[in-house]
Amino acid sequence: MAEGDRAAAHSADAESALGPAALALQELLRETLSGHEVEAGASVDIPTIQVPPQDVPGVCAILKDEPKLSFKMLLCLSAVDYKEYIQMVYVLLSMDQGHKLILKTDLPYENLQIGTVSPVWKAADWYEREAHDLFGVNFEGHPYLQPLLLYDGFEGFPGRKEHPFHDYQEF
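Structure representation (structure tokens):
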């Protein structure tokens, strides 16, 4: 089975396993984000949406500000290297509505740029700095995109699969 087929099968299996609340959230997301190119899916019992990189800041603002959704908390923002592209994963929580949501977007290696969501959620600030340090993702409009984990002058991006891994050396 090809990798894309596996992902589609996983998404279909997971979507069929969604509980009633998650299915209702998925329908609400389809209605609310109808003006955006959104691909819906699921991961275990958490609805997921995949959007184009240029839509991420706008979609995130809608997800936070729409009272029926109210995703006011960014639980996690991470980058995943799939060799052909970097996938940005945003895990959101609506305490008001009791929902969780995973938002994903794919960035091609040739253009690792995406708009910042730090104006939407202050918690994104350090998450974005970490993704910049480890994967080389540039967050346009970020107020302070300086090294967080690595020292100035560090060469390369250690989160990427292409980064050389050296055996342990005791000093």
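Residue numbers for the sequence shown follow the working numbering, beginning at 173 and rising by one. The beta carbon of each residue, even a glycine, is placed where N, CA and C say it ideally should be. Note that the coordinates shown come from a computational prediction; the quantities given were computed from them, not determined experimentally.
Problem - Three-way DSSP call (helix, strand, coil) for Ala214 in this model - result: As a working mapping, residue 214 is identified with position 42 in the sequence shown. DSSP places Ala214 in strand when its eight states are reduced to three.
Practice task
Please state if the CB of Pro225 and the CB of Met260 are separated by a distance shorter than 9 Å.
Solution key: The residue given as residue 260 occupies position 88 in the sequence shown. The residue given as residue 225 occupies position 53 in the sequence shown. In this structure, Pro225 lies closer than 9 Å to Met260 by Cβ.
Problem - Sequence-distant residues of its chain with Cβ nearer than 8 Å to Asp177 (five each side left out) - result: As a working mapping, residue 177 is identified with position 5 in the sequence shown. Confidence at Asp177 is low in this model, with a pLDDT of 45, below 50, so its placement is unreliable and no value can be given for it.
Practice task
Please state if the CB of Phe307 and the CB of Phe326 are separated by a distance shorter than 9 Å.
Solution key: Within the sequence shown, residue 326 is the residue found at index 154, counting from 1. Within the sequence shown, residue 307 is the residue found at index 135, counting from 1. Phe326 places its beta carbon 9 Å or farther from that of Phe307.
Handout entry: Outcome for Glu211 when other beta-carbon atoms lying within 10 angstroms are tallied against a minimum of 16
Key = Residue numbering aside, residue 211 sits at position 39 when the sequence shown is read from its first letter. Flag for Glu211 reads exposed.
Handout entry: Val289, DSSP secondary structure in three states
Key = Position 117 of the sequence shown, counting from 1, holds the residue named residue 289. Val289: coil per DSSP, three-state reduction.
Exercise for the section: Please list, in chain order, all residues of the same chain as Pro319 whose beta carbon is under 6 Å from its beta carbon, the five residues on each side excluded. Expected result: The count along the sequence shown starts at 1 and reaches residue 319 at position 147. Sequence-distant partners of Pro319 (beyond 5 residues in either direction) whose C-beta falls short of 6 Å from its own C-beta, in its chain, are Asp305.
Handout entry: Cβ shell of Lys272 (< 6 Å), same chain only, five flanking positions each side left out
Key = Locating residue 272 in the sequence shown gives position 100, where the first residue counts as 1. Correct list, in chain order: Ile218 and Leu265.
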